[in-house]
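> Next up is a structure, given as C-alpha cells.
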Amino acid sequence: MCGIGGCVLRNGAAPSLERLSALRAALSHRGPDGSGTEVFGNVGFVHARLAIVDTTDAARQPMCDRESGWSLNYNGEIYNHLELRRRGGGASLASAGDTATLLRGFVEHGPGYVSRLNGQFALAALDSARGRLWLTRDRFGIKPLYIAEDDEGLWFASEPQALVACGIRPVWQAGGLQSMLEGSCYSGESTLAAGIRRVAPGVWTSVDVNTGEIAHSAWTRIADSVQRGATGRPGRRRRWTDELENVLRKAVHDSLLADVPIGSLCSGGVDSSLVTAYAAEVKPGLVAFGARHAGDPGLDEGPAARRAAAAIGVELDLLDVTAENWRDGFVESTVHFGAPLPNSSAVVVAQMAARARERGFKVLLTGEGADELFAGYGGLHRAALSRFGSPWARAVRALEPLLVPGPGDNGSIRRRVRALGVRRRTEPTWSSLTSVRDGLVTPVEARAAYRHHPGARGDLEAALLARMDYTLCHLLNRMDKNMMQHSVEARVPFLDPAVLELVLNLPLEVRTGPWSKGILRDVARRTLPREIAHRPKIYGMGFAADRWIEEAADPAFMTEGVLRDVLGLTRAEMSEQVAKAVKATRIRIWSAEVWCRSVLMGESTASIEADLWLNGP
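Residue numbers (the numbering used here): 31 to 647.
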C-alpha cells in the first residue's frame with residue numbers, strides 16, 4: 031500500500047522536479063518506507079512506499095521494464111498475484127512482490143490484464159512504446175486516485191491535498207452545499223473542488239502522451255456480476271450457507287497476504303467479528319482493535335467487542351473515545367479525509383490506526399461492505415423488504431433486537447428496548463432509488479441486470495444493487511485515507527469478487543431474511559456465539575460530536591470563515607445554516623470549513639486548529 035502521483039505535460043515539456051518533489055512529500059504519510067521519482071520525457075511518476083509484500087528494495091517503485099517500455103506506479107495489493115505468476119509460466123522476476131507480477135502482466139497482456147486481478151488497487155501504467163498513460167482503480171474504488179488539469183497538463187495523485195501541494199488551485203464546486211448535505215459529493219467523479227476529479231472505479235482513464243487527449247473506457251461493471259439466468263431456490267438454504275461460508279473464508283484468508291504483521295478492526299458486530307474469526311484461524315497472535323465510548327451506553331460497542339474477542343480467542347486493544355481526544359483528531363482527520371467528514375467515525379478510525387501502528391501493525395482487516403451486500407441498512411428498504419417474507423419472517427425482523435440480547439446487555443429487556451429505539455433513531459431513512467446519481471451502478475444498469483426477475487422482486491434487487499455505494503463510497507474513503515494518515519492499510523474481504531458474485535445471485539429471501547442480513551447470520555452462527563451472530567446493528571461510532579465541537583469551538587470560525595464566503599452568505603445566514611443542521615449534518619458543516627481552509631486556501635493544520643478552538647481541543 032502506497033501513495034502514487036505524477037503528471038503528463040503538454041507539448042513535450044519536461045516535468046518540474048520541484049513540483050514532483052512537492053507532490054511526493056505530500057504523500058509521504060502513505061509511504062514512509064521509501065520513495066521514488068522517475069521522469070520519462072513529458073511524463074513524471076512519484077511514489078511513496080509502504081512496504082508490505084516483499085519489503086526489500088527489489089520491490090521499490092516506480093518499477094520499469096526497460097526492454098518493453100512499460101513502467102508502473104502502483105498502490106494496492108493483488109491477493110492472487112502468486113497464482114497469476116504461476117499462470118505466466120513461473121518466469122523469474124526481480125521481486126517476489128505483487129508489483130513485479132503486475133508489471134509483467136502489462137508487458138505480456140497490456141491493460142486488459144487488470145480484469146484478472148483480485149485485490150484493491152489504483153495505478154498508473156505507462157506504455158512508452160505506444161505513447162499512452164493508463165490510469166485506473168479497482169472495481170469498487172477501494173483505493174483512491176484523483177486527477178486535475180492546469181496550464182501545463184494533467185496531474186494525478188492518491189489524495190487531493192497532494193495535488194494542491196504541487197500547485198493545483200481548486201475552487202468551490204457550484205452546487206457544493208447541496209452536494210455535501212445530501213452526500214452525493216462522496217461518490218462518482220466530481221468532488222467539492224472544481225477542477226479535481228476522481229478516476230472512476232473499474233474504468234480506464236487513458237492519456238495520449240503526445241497530444242494530451244484523454245479517453246475513458248470501462249473494463250468492468252459491478253452489474254455484470256449478476257448472472258441473468260440464475261434461478262436459485264430459497265429452499266436450498268443450507269447449500270447456499272455452505273457456499274457463502276467457503277467463499278467468505280477464502281476471501282479473508284486471501285486478504286492476509288503480507289510479509290508484515292496483520293490485525294483487524296472488531297466492533298463486536300457480526301461483520302467485523304466474522305472477519306476477525308476467519309483471520310485468527312490462520313494468523314496466530316492476531317490482535318483486534320476497537321473503540322468504546324463509556325459516556326453513551328446505548329452506542330458503546332466496548333462490551334460487544336470484548337465478548338467477541340473473548341469468543342474468538344484474540345487480544346483486543348480498545349480505544350476509549352472521549353470528547354477531548356475526538357476533538358484532538360478532528361482537524362487532521364478532516365484534512366486527510368479530503369472532504370467534509372460525513373459523520374464522526376473517521377476520527378475514531380484514524381485513532382485506532384494510530385494505535386495499531388504504534389504496536390507495529392501495518393495492515394488491518396475490516397468488515398466494510400457487508401451491510402451493502404446483505405441489506406444491513408434496514409431503513410433504506412424496510413417496506414419493500416417486508417413484502418418478501420412470511421408473517422413469521424417479518425415478525426422476526428421487527429423484533430430481532432428484543433429476541434437476541436446484545437453482548438453486555440445482561441438480558442435486560444429495558445436495555446434492549448432502548449437499543450431498538452437507538453437503532454430506529456440512527457438508521458438512515460432514504461428510500462428513493464431515483465436520487466442515486468453518478469455511483470458504481472446506475473439505476474438503469476441495476477434494473478437491466480435483474481431483468482430476468484420481473485416486478486417487485488427485480489425492482490428491490492435493483493434498488494439494493496444501485497444503492498451499493500451510497501454509504502460505501504465514504505466508508506471506503508475513511509478506511510483508506512484516515513488509516514493511511516498513520517501509514518496503515520485497510521483490507522475489505524467482503525468486497526472480494528467471488529463474494530460479490532455469489533451474494534448478488536442469492537435468492538432475495540435467503541440474502542435478506544428472515545432476520546436482518548439473512549444468510550450472513552446463518553454463516554456466522556457456525557463460528558460465533560449466537561448473541562454475536564445475531565447482535566442487532568447499532569451505529570457505534572455515531573457519537574454526538576457536533577456537540578463536542580461546539581463545546582470548545584470559536585463561533586467566529588464559521589461566521590468569519592471561508593465557507594461563508596464561497597457560499598455568499600451573510601454572517602447571520604451562516605449562523606442559521608449551522609443552527610438548523612443536526613447531528614452528522616452539523617459535523618459536515620464544521621468540517622467543510624476545515625476542508626475549505628485546507629484545500630482551497632492551503633492553510634496548515636496548526637493554523638486551522640488555532641482558529642477553531644477557543645482554549646485548545
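Using N, Cα and C, we set each Cβ at its ideal position, and we do this for glycine too.
#1: Name the two residues that bound the continuous alpha helix (DSSP H) containing Val305.
#2: Please report how far the alpha carbon of His366 lies from the alpha carbon of Asp526, in whole angstroms.
#3: How many angstroms separate the CA atom of Leu278 from the CA atom of Ala310?
#4: Quick one: is Trp422 buried, meaning 16 or more other Cβ sit within 10 Å of its Cβ, or exposed?
#5: Residues in the same chain with beta-carbon distance under 7 Å from Ala245, minus the five sequence neighbours each way, listed in chain order, please.
#6: Below 8 Å between beta carbons: does that hold for Val73 and Val229?
#7: Measure the Cβ-Cβ separation of Ser374 and Phe573 and say whether it is below 8 Å.
#8: Buried or exposed for Asp87, going by 16 or more other Cβ atoms inside 10 Å?
#9: Should Pro264 and Ile226 be called a contact, given that it needs their Cβ atoms to be closer than 8 Å?
#10: Below 8 Å on the Cβ atoms is my contact criterion, and I expect Pro523 with Val282 to pass it. Report the Cβ-Cβ distance as a whole number of Å.
#11: Could you spell out where the beta strand (DSSP E) holding Trp185 opens and where it closes?
#12: In terms of residues, what are the limits of the alpha helix (DSSP H) holding Trp356?
#13: Secondary structure at Val282, three-state DSSP: helix, strand or coil?
#14: Apart from the five residues just before and just after Ser637, which ones in its own chain have a Cβ nearer than 8 Å to its Cβ?
#15: Counting along the chain, where does the alpha helix (DSSP H) carrying Ala178 start and finish?
#16: Using a Cβ cut-off of 8 Å (strictly closer), state whether Leu102 contacts chain C.
#17: Sort Leu295, Arg555 and Glu354 by Cα distance to Ala335 and report the nearest one.
#18: State the start and end residues of the unbroken beta strand (DSSP E) segment that holds His139.
#19: Across which residues does DSSP place Asn16 in a beta bridge pair?
#20: If we count Cβ pairs, one from each stretch, closer than 8 Å, do we get three or more for the segment 370-389 versus the segment 314-329?
#21: Quick one: give me the first and last residue of the beta strand (DSSP E) that Met93 is part of.
#22: Tell me the DSSP secondary structure of Phe404 in three-state form.
#23: Quick one: is Ala248 buried, meaning 16 or more other Cβ sit within 10 Å of its Cβ, or exposed?
#24: Can you give the Cα-Cα distance for Met588 and Gly206, rounded to whole angstroms?
#25: So for His77, helix, strand or coil by DSSP?
#26: Which same chain residues, not among the five before or five after Glu430, have their C-beta less than 8 Å away from its C-beta?
#27: Assuming Pro62 and Phe75 form a contact by the criterion Cβ under 8 Å, report the distance between their Cβ atoms to the nearest whole angstrom.
#28: Would you kindly report the start and end of the unbroken alpha helix (DSSP H) that includes Val592?
#29: If you check the beta carbons only, do Cys196 and Ala376 fall under 8 Å apart?
#30: Within 10 angstroms of its Cβ, does Gln27 collect 16 or more other Cβ (buried), or is it exposed?
#31: Under 8 Å, do Ile648 and Ala575 count as touching if we go by C-beta distance?
#32: Who are the near neighbours of Arg455 in its chain, counting only those whose CB is closer than 7 Å to its CB and skipping five residues on each side?
#33: Check this for me: beta carbons of Arg60 and Ala44, under 8 Å apart or not?
#34: Could you pull out every residue in the same chain whose Cβ sits closer than 6 Å to the Cβ of Glu189, ignoring the five residues on either side in sequence?
#35: Determine the burial state of Leu630: buried for a count of at least 16 other Cβ atoms within 10 Å of its Cβ, exposed for fewer.
#36: Span of the beta strand (DSSP E) holding Ala321?
This is what the structure holds:
#1: Secondary structure note for Val305: its alpha helix (DSSP H) is the uninterrupted segment Val300 to Val312.
#2: In this model, His366 and Asp526 are separated by some 26 Å (Cα to Cα).
#3: If you take the alpha carbons of Leu278 and Ala310, they lie about 14 Å apart.
#4: With fewer than 16 Cβ atoms within 10 Å of its Cβ, Trp422 is classed as exposed.
#5: Ser236.
#6: Taking 8 Å as the Cβ cut-off, Val73 and Val229 do not qualify as a contacting pair.
#7: Phe573 is positioned such that its CB atom lies closer than 8 Å to that of Ser374.
#8: Note on Asp87: under 16 other CB atoms within 10 angstroms of its CB, so exposed under the neighbour-count rule.
#9: Taking C-beta atoms as the reference points, Pro264 and Ile226 fail to come closer than 8 Å.
#10: So it is a contact: roughly 5 Å between Cβ atoms.
#11: Counting along the chain, Trp185 sits inside the beta strand (DSSP E) bounded by residues Gly183 to Ala187.
#12: Note, Trp356: alpha helix (DSSP H), Ala353 to Phe367.
#13: Three-state result, Val282: helix.
#14: Taken in chain order, the residues that qualify are Arg627.
#15: In the DSSP assignment, Ala178 falls outside any alpha helix (DSSP H) and lies within the beta strand (DSSP E) extending over Tyr176 to Glu179.
#16: In the structure shown, chain C does not exist; there is a single protein chain.
#17: If we check each option's Cα against that of Ala335, Leu295 comes out closest.
#18: Counting along the chain, His139 sits inside no beta strand (DSSP E); it lies in the alpha helix (DSSP H) bounded by residues Asp128 to His139.
#19: Only positions 31 to 647 of the chain appear in the structure, and residue 16 is not among them; the question remains open.
#20: The segment 370-389 vs the segment 314-329: in contact.
#21: Start and end: Met93 to Asp95.
#22: Phe404 falls in the coil class under three-state DSSP.
#23: Residue burial is scored here from C-beta neighbours: Ala248 has fewer than 16 other C-beta atoms within 10 angstroms and is therefore classed as exposed.
#24: Rounded to whole angstroms, Met588 to Gly206 spans 17 Å at the Cα level.
#25: In the three-state DSSP reduction, His77 falls in the strand class (E or B).
#26: Close CB contacts of Glu430 within its chain, under the 8 Å cut and outside five residues either way in sequence, are with Trp545, Ser546, His564 and Pro566 (chain order).
#27: That pair is no contact at about 19 Å.
#28: Where Val592 is concerned, the enclosing alpha helix (DSSP H) stretches over Val592 to Leu597.
#29: No, Cβ-Cβ distance for Cys196 and Ala376 is not below 8 Å.
#30: There is simply no residue 27 to check, as the chain begins at 31 and stops at 647 in what is shown.
#31: Here the chain covers residues 31 to 647 and nothing more, so residue 648 does not appear.
#32: Confidence in Arg455 is poor, its pLDDT being 39 and thus under 50, which makes the residue's placement unreliable; the coordinate value appears in the next sentence. Setting aside the 5 residues that flank it on each side, Arg455 has no residue in the same chain whose C-beta is closer than 7 Å to its C-beta.
#33: At least 8 Å separates the beta-carbon of Arg60 from that of Ala44.
#34: Correct list, in chain order: Gly368.
#35: Leu630 comes out buried.
#36: For Ala321, the uninterrupted beta strand (DSSP E) run begins and ends at Val317 to Arg322, by DSSP.
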